[in-house]
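The sequence shown begins at 64 in this note's numbering and counts up by one.
Here's the structure we're looking at; comments come further down.
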Amino acid sequence: MILLALFAPLIAPYPPIGMNIPSMLKSPSADHLFGTDEFGRDVLSRVIFGARISLRVGLSVAITTGILGIGVGLFAGYFRRLDNPIMRFLDAMMAIPSLLLALAIVSIVGPSEGTAVAALTITYTPRTARVIRGAVLSIKEQYYVESATALGAGTLRIMIQHILVNCIGPVIVQQSFIFAYAVLAEAMLSFLGVGPPPPAPSWGNIISEARGSMRIAPWIMFFPGIAISITVLGINMLGDGLRDVLDPKSRVQGR
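Here it is as structure tokens:
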């Protein structure tokens, strides 16, 4: 999917938003492998270009939640006075269903790709922060951190050089799952009409536009649905693999 997104203009056989009324609602064939939609647009081309939007949103959310989550989790785990108020606030945010919170934010601000990224970042940052905070609580009790403190190392140096460096493994694993969550959430937001606005060929938009012709042209909804499933499954499998490599204890406990 990443290669499809990167080389979409070279791979896609037709423009993603080019209408061709004489070819409307054609079933999959040699000319249109995934068929066409109600405007005669090639579904394969729209699915390929849709990968760009979905993966771009997913990657953006993974990066931004990683940066914010590391900062919040690091401070919460290292400074005891900050831990309780920060974690209670994060618990309150996590008590709200993720999609509902993102939907509320996008509805207030207005639908766009940037708004979707911001809303999902706010929604998923608490998850990353909790993971980092747990890792920090464990790492700061290690002997090398206590030794650095006894030798007079500054707080910032200890947090970055001794604690943050050892949190990289959990961060990478967590953000791979956030990536998958964000791809699926973006599709849901677009399906509900509050994601990147049409005619942007996001997977959620394609499925949403196909609702009216689902009975006579099921392929319009089927292929982007398969693309979402394969992408989310692939990213989750990558996350499981990274967890086994970077955290051998989890693999042993799972047996």
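Just so it is clear, CB atoms sit at the ideal spot from N, CA and C, and this is done for glycine as well.
Given the structure is predicted, the values throughout are model-derived calculations rather than measurements.
A residue is called buried once 16 or more other Cβ atoms fall within 10 Å of its Cβ, and L296, having fewer, is exposed. Taking a contact as a CB-CB distance under 8 Å, the pair E204 and I116 does not count as one, their CB atoms being some 44 Å apart. Proximity to Q237 across D105, V194, A211 peaks at V194, based on C-alpha coordinates. For Y207, the enclosing alpha helix (DSSP H) starts and ends at 206 to 213.
Within the DSSP secondary-structure output, D307 pairs in no beta bridge. Cβ-Cβ distances below 7 Å link V124 to V180, L183, T184, Y187, I241, A245 in the same chain, with the five nearest sequence neighbours on each side left out; the list follows chain order. I80 places its beta carbon 8 Å or farther from that of R119. Here DSSP, grouped into helix, strand and coil, assigns D105 to strand.
Its chain contains A182, L183, T186, A248, L252 as the residues whose beta carbon lies nearer than 7 Å to that of A165, once the 5 sequence neighbours on both sides are disregarded; these appear in chain order. Around the CB of G173, fewer than 16 other CB atoms lie within 10 Å, so the residue is classed as exposed. Taking 3 residues as the minimum length, the segment 142 to 176 contains no beta strand (DSSP E) run wholly inside it.
From the listed residues T178, P91, S170, A71, the smallest Cα separation to I279 is found for P91. Rounded to the nearest angstrom, the Cβ distance from A139 to M150 is 6 Å, consistent with a contact under 8 Å.
Boundaries of the alpha helix (DSSP H) around F254: 231 to 254.
With a beta-carbon spacing of about 6 Å, F286 and V106 fall inside the 8 Å limit used to define contacts. Burial is judged here by how many other beta carbons sit within 10 angstroms of a residue's own beta carbon; T128 has at least 16 and is buried. The alpha-carbon separation between I270 and M284 amounts to approximately 5 Å.
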